[in-house]
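In the working numbering, the protein residues as written are 29 to 280. C-beta atoms are modelled at their ideal positions from N, C-alpha and C, and glycine is treated no differently.
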Amino acid sequence: MSTNPKTAIILGTGLGQLASEIVESYEFPYTEIPHFPVSTVEGHAGKLIFGKLGGVDILAMQGRFHYYEGYSMQEVTFPVRVMYELGIETLFVSNAAGGMNPEMKIGDLMVITDHINLFPEHPLRGKNVPTGPRFPDMHEPYDHALIAKADAIAKEKGIRLLHGVYVGVQGPTFETPAEYRMFRTIGGDAIGMSTVPEVIVAHHCGIKTFGMSIITELGGFDVPVAVSHEEVQEAANKAQPLMTEIMRGMVG
Numbered sequence: 029m030s031t032n033p034k035t036a037i038i039l040g041t042g043l044g045q046l047a048s049e050i051v052e053s054y055e056f057p058y059t060e061i062p063h064f065p066v067s068t069v070e071g072h073a074g075k076l077i078f079g080k081l082g083g084v085d086i087l088a089m090q091g092r093f094h095y096y097e098g099y100s101m102q103e104v105t106f107p108v109r110v111m112y113e114l115g116i117e118t119l120f121v122s123n124a125a126g127g128m129n130p131e132m133k134i135g136d137l138m139v140i141t142d143h144i145n146l147f148p149e150h151p152l153r154g155k156n157v158p159t160g161p162r163f164p165d166m167h168e169p170y171d172h173a174l175i176a177k178a179d180a181i182a183k184e185k186g187i188r189l190l191h192g193v194y195v196g197v198q199g200p201t202f203e204t205p206a207e208y209r210m211f212r213t214i215g216g217d218a219i220g221m222s223t224v225p226e227v228i229v230a231h232h233c234g235i236k237t238f239g240m241s242i243i244t245e246l247g248g249f250d251v252p253v254a255v256s257h258e259e260v261q262e263a264a265n266k267a268q269p270l271m272t273e274i275m276r277g278m279v280g
């Protein structure tokens, strides 16, 4: 079986079910791919899937790598480099995130319109890889045309879709109430421990990116709320059908 995907999707916490939408698929476990790290996080399956989604050739990364697992930024973003070599031109990134915008509620979908990078190491640190310039422009890290397409699909299907700025942090702790308030003050709407490094490297490679978060917990409000990884996965799974519907429509 042969596919020639131009589009890739990175499936994050609780979002791996989208893989069941991919037909005519064949899979490569990360353990069989040279130089690929292996995810250690519960809920991250760890395989590359080639197939069709909405009739379009697709590459899906089921399970991603995180800086907090102890990997270097080069290891975290290595799969994006592989995508570039495979001819990927558009990357869809999904994640679970904590919401700090008062308009948000658990289970909301948020299109990422911009990000704030607070990781302690930059993914482009070191010798420049010749897929892009030494100092990449980042005025449009998330493609405006893809965002407009998502809005149109959501409107047509009656899905509530928010826009916001994603703050990328190291983790693995969830944020304190004071940290949530600080990140909100600097312009963040949602916060998570992934996505930003992958988007930066994709942008450096000339790959157009679209990002969407499922709001799986809330923070920074008057009453602090405890959160667990299991609750994050549960909230993500409940929002999965809406995410799948939008992603399927965008890929198709």
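Assigned exposure category for Ala267 - 16 Cβ within 10 Å defines buried: The residue in question, Ala267, is buried, as its Cβ has 16 or more Cβ neighbours within 10 Å.
I believe Lys80 touches Glu52 by the beta-carbon criterion, under 8 Å. Please report the beta-carbon distance rounded to the nearest angstrom. The beta carbons of Lys80 and Glu52 sit about 5 Å from each other, so the pair counts as a contact at 8 Å.
Could you tell me whether the region 209–223 touches the region 136–145, using the rule of 3 or more Cβ pairs below 8 Å? Taking 8 Å as the limit for Cβ pairs, the verdict is that the region 136–145 does touch the region 209–223.
Buried versus exposed call for Asn32 [16 or more other C-beta atoms within 10 Å across all chains shown]: It counts as exposed.
Distance between Val195 and Tyr95 (C-alpha atoms, nearest Å): For Tyr95 and Val195, the distance between alpha carbons rounds to 15 Å.
For Leu90, the first and last residue of its enclosing beta strand (DSSP E): According to the sequence displayed, residue 90 carries Gln and not Leu. Gln90 -> beta strand (DSSP E) spans Val84 to Gln90.
Nearest neighbour of Glu168, chosen from Gly247, Ile228 and Tyr99 [CA to CA]: Here the closest residue by C-alpha is Ile228.
In the DSSP assignment, what are the bridge partners of Pro57? Residue pairing for Pro57: DSSP places it in a beta bridge opposite Lys75.
On the premise that Leu137 lies in contact with Leu174, defined as a C-beta separation below 8 Å, what is that separation, rounded to the nearest angstrom? About 15 Å separates the two Cβ atoms, so there is no contact after all.
Span of the alpha helix (DSSP H) holding Asn265? Its alpha helix (DSSP H) spans residues His257 to Val279.
One question on the structure: do Thr35 and Ile86 come within less than 9 Å of each other, judged by their Cβ atoms? Yes, Cβ-Cβ distance for Thr35 and Ile86 is below 9 Å.
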